[in-house]
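Beneath this line is the structure, given in structure tokens, with notes to follow.
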Amino acid sequence: MVRRILSISANTFRETIRNKILYAILAFALFVIGMTFFLADLSVGDFARIIADVGLASIHVFGVIMAIFLGITLISNEVDRKTIYVILSKPVRRSEFILGKTLGLSFTLAITTLAMAAVLFLVHLGYQFGGRAEPGIFIASAGIYMELVLLTCLASLFSAFTTPVLSAIFTISLFLLGHLTNYLHAVGEQSKVAAVRWGSKALYFLLPNLENFNWKNEVAYGGLRSASVLGWAAGYLAFYAVCVLCLSCLLFARKDFK
Amino acid sequence: MTNRRRILVIEGLTKSFPAGFWRKPVRVLSDLSCDVYENEVVGFLGPNGAGKTTTIKILNRLAFADAGKATLFGEDVRDGKELRGRIGFMPEQPYFYEYLTAVEFLRLCGQLCGMARGETDSRSAKLLSRVGLEDARSMAIRKYSKGMMQRLGLAQALLHDPELVILDEPMSGLDPMGRMEVRNLIRELKTAGKTVFFSSHIISDVEVLCDRVIMLHKGEKVAEGRVEELIGSQILYIELVVSPVLAPGRLAEAGIPPGVGETQGDLLVLRAPGTREANGWMAGLLSAGCSIHSCLPVKKNLEEIFLERVGEGGVEGKSN
Ligand SMILES: Nc1ncnc2c1ncn2[C@@H]1O[C@H](COP(=O)(O)OP(=O)(O)OP(=O)(O)O)[C@@H](O)[C@H]1O
Ligand SMILES: [Mg+2]
Chain A
1336 MVRRILSISA NTFRETIRNK ILYAILAFAL FVIGMTFFLA DLSVGDFARI IADVGLASIH
1396 VFGVIMAIFL GITLISNEVD RKTIYVILSK PVRRSEFILG KTLGLSFTLA ITTLAMAAVL
1456 FLVHLGYQFG GRAEPGIFIA SAGIYMELVL LTCLASLFSA FTTPVLSAIF TISLFLLGHL
1516 TNYLHAVGEQ SKVAAVRWGS KALYFLLPNL ENFNWKNEVA YGGLRSASVL GWAAGYLAFY
1576 AVCVLCLSCL LFARKDFK
Chain B
11 MTNRRRILVI EGLTKSFPAG FWRKPVRVLS DLSCDVYENE VVGFLGPNGA GKTTTIKILN
71 RLAFADAGKA TLFGEDVRDG KELRGRIGFM PEQPYFYEYL TAVEFLRLCG QLCGMARGET
131 DSRSAKLLSR VGLEDARSMA IRKYSKGMMQ RLGLAQALLH DPELVILDEP MSGLDPMGRM
191 EVRNLIRELK TAGKTVFFSS HIISDVEVLC DRVIMLHKGE KVAEGRVEEL IGSQILYIEL
251 VVSPVLAPGR LAEAGIPPGV GETQGDLLVL RAPGTREANG WMAGLLSAGC SIHSCLPVKK
311 NLEEIFLERV GEGGVEGKSN
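Chains as they are written, first to last, in our numbering: chain A, 1336 to 1593; chain B, 11 to 330.
Written out as structure tokens, the structure reads:
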């Protein structure tokens, strides 16, 4: 089983890294991150911090773009192009297919995130006024990566059932809501109507809480997150991803292909 | 026949597809039952939209039936992942990962079938040259033509040396040479003891290749049986080709009724309804100074049977 999942994920990895549009996005992202080097010159304040802030924000935005761009067609492309027919006629379970596809894309995103983080680290290091080695960049990028994995799981769930456009709308909505859940929860709690309070509580637990993976602010102050925070985030990711993947597998198990 | 193992058994298979929110679902297969025995080549015939591809999808768990049961090697098609290793499948108008080459794609298939790398490579080299793709083995599949895709489809279906091969329209999109190669391939599979189940629109191919045929029309089986049985031993007429062309008066003298012949160039083609008539006519023609070039009994062919059954749209009751 593991071997088959790995074969499918290796193939998905190959599919994504042979995608020219991904390279275009990555090149642009690296360009933008590189430009923060000059951006710091134009502004006042803590230069190194600006580099870290803007750079990490770029990694986040471009990472999400890549995850959504590749994720929304992850399964639907295979169904539309009928490439899935041959794969599923081999001794492969549908769940293995879903897991392999998701794992493969996660691996691609790991590489692109690492590339972006490495460039940012070098820019930060090379900055002439107060440049320094900032390992926090990698920690914050790891948080961004965890978020991307979660988005990939969601996008692959949607791509198994709907068109790419709808998957994009759903995934982007969940991405935006996922960063607002703490806020929505706080607002909901203020309500006098019990149903609204319950509803907001339910949403708070159902929606992915993407702020769990947001360690950008801390980095620039040099304070590294403690291991327990990282561990908690990883646990949250694992739990949420398993739930989403199980749902995908369950719904995909008896789907008719047209 | 009955003592041979039944490899594929379909019992009462029924399938509908939803046709939209308000409309009632479209029935695509109704109560289809048929079977395929070990080491048989079985053709699956039917006009467009008869439900052939749907049946084949159900066998490969790409679609699920509403009612009825299909078993392969005695196991339900819906479970038994292990079962898949014994089956090779080529979908209709196959399409593969365009960013891979044929060799890379077959390696992926080998991995999924649990084959060792060396075995995969040696078998894929053999199969690629067998289907005529050895020059294109390192070309991106993106650049393949339709027929090349079809050939790669055959190679991947046979890679893991399956006992049963299910092919959905293996001849479509192939040039005459390609069709002949596929015919030979299917014959080889039979010689090697494999079982082949394939759908086709090319009835002449089915007629020469298949031990048995199953005909489907509007989701119902309209005929099933051995090709010879379906064609029957009944002789439709005996065709005589003679020359020179005699005038109608002299034909009548030779004992030939009017309206049974037609002129084709210098030749006269006559259709005698039976052996007795044919013999009588030949005697008359010979004594009238004609020479007889050929005398052929003409039987129904599968195509006519197909058009007959499908044209009526009637469902044959229980056949074998
Ligand atoms: N996913 C689907 N949704 C709705 N209807 C479908 C679907 N798939 C097939 N059908 C219908 O089922 C019927 C049978 O289709 P199928 O593809 O099995 O025919 P076929 O015998 O393979 O035809 P062909 O010779 O053209 O390949 C058709 O009328 C088709 O419209
Ligand atoms: Mg078809």
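Don't be surprised by glycine CBs; every beta carbon is placed ideally from N, CA and C.
Bridge partners of residue i, per DSSP?
i: A/Val-1389; result: In DSSP, A/Val-1389 forms no bridge with anything.
i: A/Phe-1404; result: DSSP, once it has assigned bridges, lists no residue as partnering A/Phe-1404.
i: B/His-227; result: B/Glu-230
i: B/Ser-304; result: B/Val-251
i: B/Lys-79; result: B/Glu-21
i: B/Tyr-47; result: B/Arg-16
i: B/Met-100; result: B/Leu-177
i: A/Phe-1548; result: In DSSP, A/Phe-1548 forms no bridge with anything.
i: B/Thr-1; result: Past the boundaries of the shown model lies residue 1 of chain B; chain B is included only from 11 to 330, so the question cannot be answered.
i: B/Ser-26; result: B/Arg-37
i: B/Ile-245; result: B/Lys-309
i: B/Phe-54; result: B/Ser-209 and B/Ile-224
i: B/Asp-86; result: B/Thr-81
i: B/Leu-42; result: B/Leu-23
i: B/Arg-236; result: B/Arg-222
Taking all protein chains shown into account, do 16 or more other C-beta atoms lie within 10 angstroms of the C-beta of residue i, making it buried, or fewer, making it exposed?
i: B/Ser-132; result: exposed
i: B/Glu-85; result: exposed
i: B/Pro-186; result: exposed
i: B/Lys-328; result: Residue placement at B/Lys-328 is poorly supported in this model, since its pLDDT is 35, which falls under 50; the coordinates are not used for a value here.
i: B/Asp-145; result: exposed
i: B/Pro-258; result: exposed
i: A/Met-1336; result: exposed
i: B/Gly-323; result: Confidence at B/Gly-323 is low in this model, with a pLDDT of 47, below 50, so its placement is unreliable and no value can be given for it.
i: B/Asn-70; result: buried
i: B/Glu-50; result: buried
i: A/Asn-1547; result: buried
i: B/Ile-5; result: There is simply no residue 5 of chain B to check, as chain B begins at 11 and stops at 330 in what is shown.
i: B/Cys-123; result: buried
i: A/Ala-1530; result: exposed
i: A/Pro-1543; result: buried
i: A/Val-1427; result: buried
i: B/Ala-126; result: exposed
i: A/Gln-1525; result: exposed
i: B/Gln-274; result: exposed
Considering only C-alpha positions, which residue in the set the options is nearest to residue i?
i: B/Pro-307; options: B/Glu-217, B/Ile-248, B/Asp-41 and B/Glu-238; result: B/Ile-248
i: B/Phe-316; options: B/Gly-294, B/Phe-27, B/Met-225 and B/Leu-296; result: B/Met-225
i: A/Thr-1516; options: A/Ser-1342, A/Leu-1541, A/Val-1399 and A/Thr-1498; result: A/Leu-1541
i: B/Arg-197; options: B/Gly-183, B/Glu-217, B/Leu-39 and B/Leu-93; result: B/Glu-217
i: A/Gly-1478; options: A/Ala-1392, A/Leu-1440 and A/Lys-1355; result: A/Ala-1392
i: A/Ile-1386; options: A/Leu-1423, A/His-1459 and A/Val-1396; result: A/His-1459
i: B/Gln-166; options: B/Leu-116, B/Leu-143 and B/Gly-188; result: B/Leu-116
i: B/Arg-319; options: B/Gly-294, B/Pro-57 and B/Ala-288; result: B/Pro-57
i: A/Leu-1341; options: A/Ser-1430, A/Pro-1499 and A/Tyr-1518; result: A/Ser-1430
i: A/Ala-1475; options: A/Leu-1489, A/Gly-1461, A/Ala-1453 and A/Asp-1381; result: A/Ala-1453
i: A/Ala-1364; options: A/Arg-1467, A/Tyr-1462, A/Thr-1447 and A/Lys-1590; result: A/Thr-1447
i: B/Arg-193; options: B/Pro-172, B/Glu-173, B/Arg-161 and B/Asp-171; result: B/Arg-161
i: B/Asn-171; options: B/Glu-129, B/Val-252 and B/Leu-143; result: First, the amino acid is wrong: residue 171 of chain B is Asp here, not Asn. Checked all of B/Glu-129, B/Val-252 and B/Leu-143; the closest Cα to B/Asp-171 is B/Glu-129.
i: B/Val-175; options: B/Met-100, B/Leu-295 and B/Thr-111; result: B/Met-100
Could you round the C-beta distance between residue i and residue j to whole angstroms and report it? I think they count as a contact, below 8 Å.
i: B/Ile-17; j: B/Thr-205; result: 5 Å
i: B/Asp-178; j: B/Glu-102; result: 4 Å
i: A/Met-1282; j: A/Leu-1572; result: Absent from the model: residue 1282 of chain A. The displayed extent of chain A is 1336 to 1593, so no value can be given.
i: A/Thr-1347; j: A/Lys-1436; result: 5 Å
i: A/Thr-1408; j: A/Ser-1441; result: That belief does not hold up - the Cβ atoms of A/Thr-1408 and A/Ser-1441 are roughly 16 Å apart, past 8 Å.
i: B/Leu-93; j: B/Phe-83; result: 6 Å
i: B/Met-181; j: B/Asp-215; result: 6 Å
i: A/Ala-1490; j: A/Gly-1406; result: 3 Å
Which first and last residues belong to the alpha helix (DSSP H) in which residue i is found?
i: B/Met-149; result: First-last for B/Met-149: undefined, no H or E at that position.
i: B/Ile-68; result: 62-69
i: B/Arg-260; result: 258-263
i: A/Gln-1525; result: 1499-1525
i: B/Gln-289; result: One detail in the question is off: residue 289 of chain B reads as Asn in this sequence, not Gln. Element bounds for B/Asn-289: 285-297.
i: B/Leu-195; result: 186-201
i: B/Trp-32; result: Unbroken run through B/Trp-32: none, as it is neither H nor E.
i: B/Ala-126; result: Per DSSP, B/Ala-126 belongs to no alpha helix (DSSP H) and is neither H nor E.
Which residues mark the beginning and the end of the beta strand (DSSP E) in which residue i is found?
i: A/Met-1336; result: First-last for A/Met-1336: undefined, no H or E at that position.
i: B/Arg-281; result: 277-282
i: B/Val-209; result: In the sequence on display, residue 209 of chain B carries Ser and not Val. Its beta strand (DSSP E) spans residues 205-210.
i: B/Glu-144; result: Premise fails: B/Glu-144 is in no beta strand (DSSP E) and is neither H nor E.
i: B/Glu-272; result: 271-274
Legend entry - By C-beta, the residues closer than 7 Å to any heavy atom of ligand 4, given in chain order: Here the bound small molecules are ligand 1 and ligand 2; ligand 4 is not part of this structure.
Inset, instruction - Mind checking the region 66-86 of chain B against chain C and listing, in chain order, the residues whose C-beta falls within less than 8 Å of any C-beta there? - result: The chain labelled as chain C is not found among the protein chains of the depicted structure, namely A and B.
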